[in-house]
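**Student:** Protein chains in written order, with my numbering: chain A, 14 to 352; chain B, -7 to 289; chain C, 8 to 276.
Positions of the beta carbon are idealized from the N, C-alpha and C atoms, including for glycine.
Source: prediction; values computed, not measured.
Quick one: the structure is below, questions incoming.
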């Protein structure tokens, strides 16, 4: 059973009586215990998508979807409050700059104990404080912090970014989520510490069977840690499939360009030669192209690209393009995007 | 690579224009600034437009109620006081005294405060601290008390209240300028300017000041509403405007004795003070609100 | 090829102003010497606190060096005069958001170094600005815009235009490519390579991203706590690192550099 099943999610921005589709009919599905990567450059709407999932967008955004299932429950039928209750219990999110996400005026210990749900504690109310404390220590051990006493007493600004990110993950784990959404967790830290955080997430996935949605703008970074990848461009769905399929045989020109711009593809190039890039730059919200938004930049663009492409499925490898790169065999099924 | 579309249909607003465009969209702020401009026009042209003299009264028109009363007279639109002086003319002259003076006070303290604040931000160490806290001693003394001291030394007059209020307002500008300049000078473009070989004065003028004027303007409106109230209070106590100068606070004080017979001599100047302070505050709120929205964009 | 930039014994130490009597000095950069030739790129890597940014600031003249000297084409550069230095050594910063003054148009922004350092008249300056903008891939009309109307990639191009407008010999890239998206990064690299060929520039690249360094640089220098622990040609150092600091840095990103297909760890149960 799919853990999360979203079909044709769109997010509209209402501004001065104009509505702009920031996210245009994106589908995403996750199974239990899966680590999925969501790749897109700035302006692709990946953070918006994650925030819409958790339900933290403010009133100027409007969200529609054809299907939004969570563990088999149809969330579109529920009211907003019920949806929020359900999702906030099961989904947790960690963000980009961990030091900025922690309260600078309280110690880590207080913030961690605050995050622990009182439903998990048993016992009489005079025992609660001690139980919270021991639960906090257990959480710190789970994320690999052995010296818990020093950590509980210190304030966020006294720790490094990687440490703060571990604390954020511990706080996220306090609610015992089923899905953890990591929105560019390592963007603010040095590359030497990135590996630690990714290894931690991988171990959490293996040991507790927790699903993870890793959002990143760098496809190279996450290919080692994910099972499946979804690629987005400028709010539209581009490609989705297993990591090996995406990395070794990208079907969409944009994915091919992303893979080409990663360092491991350039190992074969002679030093100081020109890299392969797509011309142009990412369109801004006020000037979005109609139809396929990669159109103006795509080397394979033709007349048909002014209409938004539908999603084609090649053995589980989904592509949204009129002219995909290498159709290996006749497509298995074509899923029409609702216009 | 260049964009394929150029902004043909859009204008290129500078940050200041952006601020103005956001300001224009807030109706409350626009009401405020219209009232503010009205008051400025009144302050400048009031003495020319006033129908009667504010000082010489008509002895046969004592304590006339405003024109909407049964006993009122249309040529004395807002009534007269106990010496037969027309309230409307007094209020219009008073605008140039209370409001106009507060404006001048703010400008003087702004200029002095910004100069000292920039000097303090450009230097470092003890000199910088000294300049920063130089006039903080006046913050500890309420402007009223300071005015009494000055008046005790120099004698009561409206010029002395001006100096008292200026002294009290300067430290705010020093602090806010110093903080803003220090914050801006940490940014990379100031370093880039410095590396290009610009002198510190040039950096201050071209790179830093355009970016901090908005904050200083927001502070200036706060200072002005304080100044209006201070000048009016000092006039009310008899320490500021003397004799028959039609300053709003003084007019209010004069009318207090006759409150039960002629309430309009009290509430009209009071309303005028309220109007001025509210207009200034609305403009200040509008500026700060627009600054916040512009930062979010 | 003659050496363009030669650095001898450059060092920097700070004195703490904590106590009036007990002045502690911390050495951020021990005396280092290196040289860069035209058309070459030197990459500088190290962890935070190893002194890379200090080195960049010393080279460009933002801070005076405690000792040592810098020679450009054989001539010594005076550490106090900016005017001489800024024409030859320029720098591009990391954060494109704060690197451009938001209240000035691009024209005014690029005009400033020209007004301060050259004697050209207004027409000539405008023409020069237009050609420079075209060189970095923007349109001449863009000079009337304000910085907030550009995207991150375009802002970095404008910083590059500001750097090359005085036709320098050396450009220092202080983590300039770190905040860009991968596709914009590739475009920027192509642009930098083209300019290097055209104008004979030398680059000093400070970066964390070893993939770019491998592709882009000829020589590499590894700093740790203010000392040069290893230096040499990029391919040699990256293929066989000698010092353990270098090995640690390379290991953390080693999966980017292996040529054989990576082992994909399956996470499913």
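Just to make sure I have the definition right: I need the residues of chain A whose C-beta is within less than 8 angstroms of the C-beta of residue 54 (chain C). Which are they?
**Tutor:** Here residue 54 (chain C) is taken as the residue at index 47 of the third chain, counted from 1. The answer, in chain order, is 203, 205.
**Student:** Please list, in chain order, the chain A residues whose beta carbon lies closer than 8 angstroms to that of residue 219 (chain C).
**Tutor:** Sequence index remark: in the third chain, residue 219 (chain C) carries index 212 (1-based). Going along chain A in sequence order, the residues near residue 219 (chain C) (Cβ under 8 angstroms) are 276.
**Student:** Under 6 angstroms Cβ to Cβ from residue 97 (chain C), same chain only, skipping five residues before and after it: list those, please.
**Tutor:** Sequence index remark: in the third chain, residue 97 (chain C) carries index 90 (1-based). Correct list, in chain order: 170, 175, 178.
**Student:** Does residue 246 (chain C) get closer than 7 angstroms to chain A when you measure Cβ to Cβ?
**Tutor:** Taking the first residue of the third chain as 1, we reach residue 246 (chain C) at position 239. Residue contact with chain A for residue 246 (chain C): absent (no Cβ-Cβ distance below 7 angstroms to any residue of chain A).
**Student:** Pull out every residue of the region 136 to 154 of chain C whose Cβ sits closer than 7 angstroms to any Cβ of chain A, in chain order.
**Tutor:** For the region 136 to 154 of chain C, there are no residues whose beta carbon sits under 7 angstroms from a beta carbon of chain A.
**Student:** Considering residue 245 (chain A), what are the terminal residues of the beta strand (DSSP E) in which it resides?
**Tutor:** Locating residue 245 (chain A) in the first chain gives position 232, counting from the first residue. Where residue 245 (chain A) is concerned, the enclosing beta strand (DSSP E) stretches over 241 to 246.
**Student:** Check the Cβ-Cβ distances between residue 231 (chain A) and every residue of chain C, and say whether any is below 7 angstroms.
**Tutor:** Stepping through the first chain from its first residue, residue 231 (chain A) is reached at position 218. Yes, contact with chain C.
**Student:** When we look at the beta-carbon of residue 134 (chain C) and count the other beta-carbons within 10 Å, is it buried (16 or more) or exposed?
**Tutor:** To locate residue 134 (chain C), count along the third chain from 1; it is residue 127. So residue 134 (chain C) counts as exposed.
**Student:** Taking 7 angstroms as the CB-CB limit, is residue 196 (chain C) close to chain A?
**Tutor:** Numbered from 1 along the third chain, position 189 holds the residue referred to as residue 196 (chain C). So yes, residue 196 (chain C) belongs to the interface.
**Student:** Under 7 angstroms between C-beta atoms, does residue 182 (chain C) make it to chain B?
**Tutor:** By 1-based counting over the third chain, the position of residue 182 (chain C) is 175. Cβ-Cβ to chain B under 7 angstroms: no for residue 182 (chain C).
**Student:** Can you tell me whether residue 350 (chain A) is buried or exposed, with buried defined as 16 or more other CB within 10 angstroms of its CB?
**Tutor:** In the first chain, counting from the first residue as 1, residue 350 (chain A) sits at position 337. Per-residue confidence for residue 350 (chain A) stands at a pLDDT of 45, beneath the threshold of 50, marking its modelled position as unreliable; the derived number appears in the next sentence. By the neighbour-count rule (16 or more Cβ atoms within 10 Å), residue 350 (chain A) is buried.
**Student:** Let me check understanding here. Comparing Cα to Cα, which of C:205, C:241, C:200 lies closest to residue 286 (chain A)?
**Tutor:** For the purposes of this step, residue 286 (chain A) is taken as residue 273 along the first chain, with counting starting at 1. For the residues C:205, C:241, C:200, the minimum Cα distance to residue 286 (chain A) belongs to C:200.
**Student:** Helix, strand or coil for residue 268 (chain C) per DSSP?
**Tutor:** Taking the first residue of the third chain as 1, we reach residue 268 (chain C) at position 261. Bear in mind that a pLDDT of 35 at residue 268 (chain C), under 50, signals an unreliable position, so the number given afterwards is only what the model happens to contain. The answer is coil: DSSP assigns residue 268 (chain C) none of H, G, I, E or B.
**Student:** At 8 angstroms on the CB atoms, spell out the chain A contacts of residue 159 (chain C), in chain order.
**Tutor:** In the third chain, the residue the question calls residue 159 (chain C) occupies position 152. Within 8 angstroms Cβ-Cβ: 55.
**Student:** Buried or exposed for residue 267 (chain A), please, with buried defined as at least 16 other CB atoms from any protein chain shown within 10 angstroms of its CB.
**Tutor:** Your numbering for residue 267 (chain A) matches position 254 in the first chain. That one is buried.
**Student:** Given residue 275 (chain B), which residues of its chain have a CB within under 6 angstroms of its CB, disregarding the five upstream and five downstream residues?
**Tutor:** Taking the second chain and counting its residues from 1, one reaches residue 275 (chain B) at position 283. Result list for residue 275 (chain B): 24, 25, 28, 213, in chain order.
**Student:** Counting C-beta neighbours from all protein chains within 10 Å, is the total for residue 253 (chain B) 16 or more, i.e. buried, or is it exposed?
**Tutor:** The sequence position of residue 253 (chain B) within the second chain is 261, counting from 1. When all chains shown are included, residue 253 (chain B) counts as exposed.
**Student:** Report all residues from its chain with a CB closer than 7 angstroms to the CB of residue 63 (chain C); omit the five preceding and five following residues, and keep chain order.
**Tutor:** Along the third chain, read from residue 1 onward, the residue named residue 63 (chain C) stands at position 56. If we look at residue 63 (chain C) and ignore the five residues flanking it on each side, its Cβ neighbours are 98, 179, 181, 213.
**Student:** Does DSSP put residue 194 (chain A) in a helix, in a strand, or in coil?
**Tutor:** Sequence index remark: in the first chain, residue 194 (chain A) carries index 181 (1-based). Strand, per DSSP.
**Student:** Could you list which residues in chain C have their beta carbon closer than 9 angstroms to that of residue 295 (chain A), in chain order?
**Tutor:** Here residue 295 (chain A) refers to the residue found at position 282 of the first chain. 158, 160, 188, 190, 191, listed in chain order.
**Student:** Based on Cα-Cα distance, which residue from B:203, B:225, B:168 lies nearest to residue 102 (chain B)?
**Tutor:** What you label residue 102 (chain B) is simply residue 110 of the second chain in a count that begins at 1. Minimum Cα distance to residue 102 (chain B) is reached at B:168.
**Student:** Hey, does residue 120 (chain C) have any beta-carbon neighbour from chain B nearer than 7 angstroms?
**Tutor:** As a first step, residue 120 (chain C) must be located in the third chain, where it is residue number 113. Yes, residue 120 (chain C) counts as interfacial toward chain B.
**Student:** So, does the region 152 to 161 of chain B touch the region 72 to 86 of chain C, judging by three or more C-beta pairs under 8 angstroms?
**Tutor:** no
**Student:** Can you tell which of A:47, A:116, A:111, A:132 has the C-alpha that lies nearest to the C-alpha of residue 102 (chain A)?
**Tutor:** Counted from its first residue, the first chain places residue 102 (chain A) at position 89. The shortest C-alpha separation from residue 102 (chain A) is found at A:132.
**Student:** I believe residue 84 (chain B) touches residue 256 (chain B) by the beta-carbon criterion, under 8 angstroms. Please report the beta-carbon distance rounded to the nearest angstrom.
**Tutor:** Translated into positions along the second chain, residue 84 (chain B) becomes position 92. Translated into positions along the second chain, residue 256 (chain B) becomes position 264. Taking C-beta atoms under 8 angstroms as the contact rule, residue 84 (chain B) and residue 256 (chain B) fail to qualify, at a distance of about 16 angstroms.
**Student:** How big is the Cα-Cα spacing for residue 46 (chain B) and residue 32 (chain B)?
**Tutor:** Within the second chain, numbered from 1, the residue matching residue 46 (chain B) stands at position 54. Within the second chain, numbered from 1, the residue matching residue 32 (chain B) stands at position 40. Spanning the two alpha carbons is a distance of roughly 19 angstroms.
**Student:** Are any of the Cβ atoms in chain C nearer than 7 angstroms to that of residue 6 (chain B)?
**Tutor:** Position 14 of the second chain, counted from the start, is the residue given in the question as residue 6 (chain B). Judged by the 7 angstroms Cβ criterion, residue 6 (chain B) is in contact with chain C.
**Student:** Counting along the chain, where does the beta strand (DSSP E) carrying residue 83 (chain A) start and finish?
**Tutor:** Position 70 of the first chain, counted from the first residue, corresponds to residue 83 (chain A). That run of the beta strand (DSSP E) goes 80 to 83.
**Student:** Just curious, the beta strand (DSSP E) that residue 252 (chain A) is in, first and last residue?
**Tutor:** As a first step, residue 252 (chain A) is located in the first chain; it is residue number 239 there, counting from the start. Counting along the chain, the beta strand (DSSP E) containing residue 252 (chain A) begins and ends at 249 to 255.
**Student:** Between residue 279 (chain A) and chain C, is the shortest Cβ-Cβ distance under 7 angstroms, so that the two count as touching?
**Tutor:** Indexing the first chain from 1 puts residue 279 (chain A) at position 266. Yes, its Cβ sits closer than 7 angstroms to a Cβ of chain C.
**Student:** By the three-class DSSP mapping on this structure, what secondary structure does residue 60 (chain B) have?
**Tutor:** Residue numbering aside, residue 60 (chain B) sits at position 68 when the second chain is read from its first letter. Reduced to three states, the DSSP call for residue 60 (chain B) is coil.
**Student:** Check the Cβ-Cβ distances between residue 46 (chain C) and every residue of chain A, and say whether any is below 7 angstroms.
**Tutor:** As a position in the third chain, residue 46 (chain C) is number 39, starting the count at 1. No, because no Cβ of chain A sits closer than 7 angstroms to the Cβ of residue 46 (chain C).
**Student:** Considering only C-alpha positions, which residue in the set C:210, C:257, C:117 is nearest to residue 46 (chain C)?
**Tutor:** Here residue 46 (chain C) refers to the residue found at position 39 when the third chain is read from its first residue. For the residues C:210, C:257, C:117, the minimum Cα distance to residue 46 (chain C) belongs to C:210.
**Student:** At a cut of 8 angstroms, does the region 101 to 119 of chain A reach the region 57 to 73 of chain A through at least three beta carbon pairs?
**Tutor:** With three or more CB-CB distances shorter than 8 angstroms, the region 101 to 119 of chain A counts as touching the region 57 to 73 of chain A.
**Student:** So, is the C-beta of residue 200 (chain C) closer than 7 angstroms to a C-beta in chain A?
**Tutor:** Reading the third chain from its first residue, position 193 is the one you call residue 200 (chain C). With 7 angstroms as the cut-off, residue 200 (chain C) counts as an interface residue toward chain A.
**Student:** Can you list, in chain order, the residues of its chain with a C-beta nearer than 6 angstroms to that of residue 42 (chain C)? Leave out the 5 residues immediately preceding and following it.
**Tutor:** The residue labelled residue 42 (chain C) in the question sits at position 35 within the third chain. Excluding positions up to five away in sequence, the list reads 10, 13.
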